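First the structure, in the form of structure tokens, and then the observations on it.
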Amino acid sequence: MTKNNQLNKNLLICGDNLKALDDLKKKGIKVDLIYLDPPFFSNRHYEVVWGDEAEVRSFKDRWAGGINVYIEWIRERVIKMYDLLKDTGSLYFHCDWHASHYLKVMMDSIFGINNIMNEIIWQRTKSHNDPKQYGRIHDSILFYTKSKTYTWNQQYLPYDEEYIKKAFRYVAENGRKYQTQPLHASKPGGDTHYKWKGQYPPIGRYWAFSKENMKKMDEEGRIAYSKKGTPRYKIYADESKGRILQDMWIDIPGVHLMGKERLGFPTQKPEALLERIVKASSNKENLILDPFCGCGTAMAVAKKLGRRWIGIDISPTAIFLIEQRLKKLGARKSKEFDTIGMPTTLSELKALEPFEFQNWVINEMKAKHSKKFVSDMGIDGYYDKTIFTDPTGIQVKQSEKVGRNVVDNFETALKRGEYEKGFIVAFSFTRGAHEEVARVKGKGLDIKLVRVEDLLLGKVKI
Ligand SMILES: C[S@@+](CC[C@H](N)C(=O)[O-])C[C@H]1O[C@@H](n2cnc3c(N)ncnc32)[C@H](O)[C@@H]1O
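Sequential numbering of the sequence shown, starting at 368, is according to this note's numbering.
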């Protein structure tokens, strides 16, 4: 995978980042930028049942044992991230009021108290109704660098109309708006104490440019003169980069307000937020790591901005979603990126959370996720007419020895949903289940029993 400490391809890793970070270290990988957006110690179980397909996307942020358990859990991971970071690298830790104060102390102990560059306030929404307290509308992003020599590209915000009106008060003959700044300096830059158009610089000061350069600038129309004839340098509004970005980011709304980007992943972050971070703290071809990558916002932004990337997430559903997101951006799996760590054995599949297992099966079967809250109880997935002309339903059971009663219940569910075919996917089936399938076939209903093992081995022909 690595050549001269370089990644040949971008990498999507499904698994606990505690181990994945170790594996990256063993491979000698070093990264330029880390963005992490872990569970926030919010004591919630985030679950979103999304869109037409009603796929459950979920993760837990519950910590038995309280804040100390959470901080230790994240500390051991951040230590590994610190190890992977190049000396010129930066790390952005996305958190919120639940634990930001504990996290800062923990982070200072790893990076050094002088290596926090900013606590960025990101206002993710305009208002929030939190009874009997002020509305909680911001997240915090702790920005640390590994040393004082770090990659930094100054970011700017465009001027707004009001600012331009106030700050660029003058209008040149060609209609361009400008402001002026003094042309004198406190230190001589060579022979810079001379008379310019009848004026010497103010007492104790020098002109900022040589006579030759002043002449050139004057010919180019870059010098304005006050009523008293004092020369000043012209800065045009349309040439200015904008306002230097500060540590309060109030111009990027959360994803819930930006329908277009929304993938239905709980806690998805906006691309504009990641773009800002990636542009400020990395250059083209640099390697970016997101060890809690969720639905892959950092990966999508890295791809768009020409950076290389590694994403890690423990949820196979999240990894599958990222693959789809990257595909839409034209990133081809196995050419541009590899995915590793997805469940490949029966015991790994048995250990998945039930919703993860169900999503895995429906995705492997290349079917659609059922609309949960409609009347088709017992149908977890289905094929539409692009695959089968007959309406076809799927039921998923994360169990062994699925028996006659399951087939019976599925028969009822299929009839209720007016399906004509069906698949039951499980680890194994009893003889009774097979007999029941033969019985319903006699009644014109086609049910197929699919073993997870066959699905894993690619033996299932749809
Ligand atoms: C807040 S979400 C990240 C959202 C992401 N920034 C985005 O824009 O989509 C946190 C993610 O961390 C993942 N996660 C939690 N514990 C993990 C672990 N130990 N290793 C890897 N990923 C983990 C969860 O599955 C979840 O997808």
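Heads up, the beta-carbon is just placed ideally off N, CA and C, and yes, glycines get one too.
As the structure is a prediction and not an experimental result, all values here were calculated from the model.
- Taking 8 angstroms as the upper bound for CB-CB distance, ASN377 and GLU703 are in contact here, some 6 angstroms apart.
- Inclusion of ILE679 in the 7 angstroms shell around ligand 1 follows from its C-beta lying nearer than that to a non-hydrogen atom of the ligand.
- Annotated as distal: ASP657 and TYR437, with beta-carbon spacing of 8 angstroms or more.
- Here the alpha carbon of VAL819 sits roughly 27 angstroms from the alpha carbon of ARG699.
- Sequence-distant Cβ neighbours of HIS465 in its own chain, meaning closer than 7 angstroms and more than five residues away, are PHE407, PHE408, SER409.
- With a cutoff of 7 angstroms, LYS636 counts as near ligand 1, since its C-beta is closer than that to a heavy atom of the ligand.
- Secondary structure at SER766: coil, using DSSP grouped into helix, strand and coil.
- Within the same chain, Cβ atoms closer than 8 angstroms to the Cβ of LEU374 are found at MET368, ILE396, LEU654, ARG675, ILE677, the five residues on either side in sequence being excluded.
- Minimum Cα-Cα distance from GLY596 among the listed residues TYR567, ARG411, ILE446 corresponds to TYR567.
- Look at ALA698 here: in three-state DSSP terms it is coil, with no helix or strand label.
- Inclusion of ILE619 and LEU640 in the CB contact set at 8 angstroms is warranted, their separation being smaller than that value.
- In this structure LYS636 is buried. Its beta-carbon is surrounded by 16 or more other beta-carbon atoms within 10 angstroms.
- Closest by C-alpha distance to SER553, out of GLU439, THR759, ASN726, TRP574, is TRP574.
- The Cβ atoms of GLY626 and LYS651 do not sit closer than 8 angstroms to each other.
- Within the same chain, Cβ atoms closer than 8 angstroms to the Cβ of THR518 are found at ASP399, LEU400, THR455, GLY456, SER457, SER648, SER649, ASN650, ASN653, the five residues on either side in sequence being excluded.
- Beyond the five residues adjoining it in sequence on each side, LYS815 comes within less than 6 angstroms, by CB distance, of PHE790 in the same chain, given in chain order.
- A Cβ-Cβ distance of about 13 angstroms is found for the pair ALA667 and ARG629, leaving them out of contact under the 8 angstroms criterion.
- Leaving aside the five residues that flank ILE477 on each side, the residues in its chain whose CB is nearer than 8 angstroms to its CB run, in chain order, ARG442, VAL445, ILE446, TYR449.
- A direct Cα-Cα distance of roughly 41 angstroms separates ASN482 from ARG589.
- Counting only residues of its own chain and dropping the five nearest sequence neighbours on each side, SER795 has a CB closer than 8 angstroms to the CB of GLU767, LYS768, VAL769, ARG818.
- Under the rule that a run must span 3 or more residues, the beta strand (DSSP E) segments found entirely inside the region 753-827 read 759-763, 788-793, 813-818.
- The beta carbon of VAL804 lies closer than 8 angstroms to those of VAL774, ILE814, LYS815, LEU816 in the same chain, with the five residues before and after it left out.
- Only residues of its own chain outside the window of five on either side were considered, and among them MET368, LYS376, ASN377, LEU378, LEU379 have a CB closer than 8 angstroms to the CB of ASP705, listed in chain order.
- Note on the region 475-549: whole beta strand (DSSP E) runs with a minimum of 3 residues are 483-490, 505-512, 544-549, in chain order.
- When DSSP states are grouped into helix, strand and coil, TYR592 belongs to the strand group.
- As a beta-bridge residue in DSSP terms, CYS381 pairs with ASP680.
- Look at GLN691 here: in three-state DSSP terms it is helix.
- For ASP680, the CB contacts under 7 angstroms within the same chain, skipping 5 residues up- and downstream, are CYS381, PHE659, CYS660, GLY661, ILE686 in chain order.
- Around the beta carbon of GLN765, 16 or more other beta carbons sit within 10 angstroms, so the residue counts as buried.
- Just so you know, the alpha carbons of GLY433 and LEU822 end up roughly 41 angstroms apart.
- In the three-state reduction of the DSSP assignment, PRO598 falls in the strand class, which pools E and B.
- Distances from the CB of SER682 to the heavy atoms of ligand 1 include at least one below 7 angstroms.
- In the structure shown, HIS560 adopts coil according to DSSP, grouped into three states.
- When distances are taken from the beta-carbon of PRO406 to the heavy atoms of ligand 1, the shortest one is below 7 angstroms.
- Apart from sequence neighbours up to five positions away, the residues of its chain that approach ASP463 with a beta-carbon distance below 7 angstroms are PHE407, ASP506, SER507, ordered along the chain.
- Rounded to the nearest whole angstrom, the CA to CA distance from ASP558 to MET581 is 12 angstroms.
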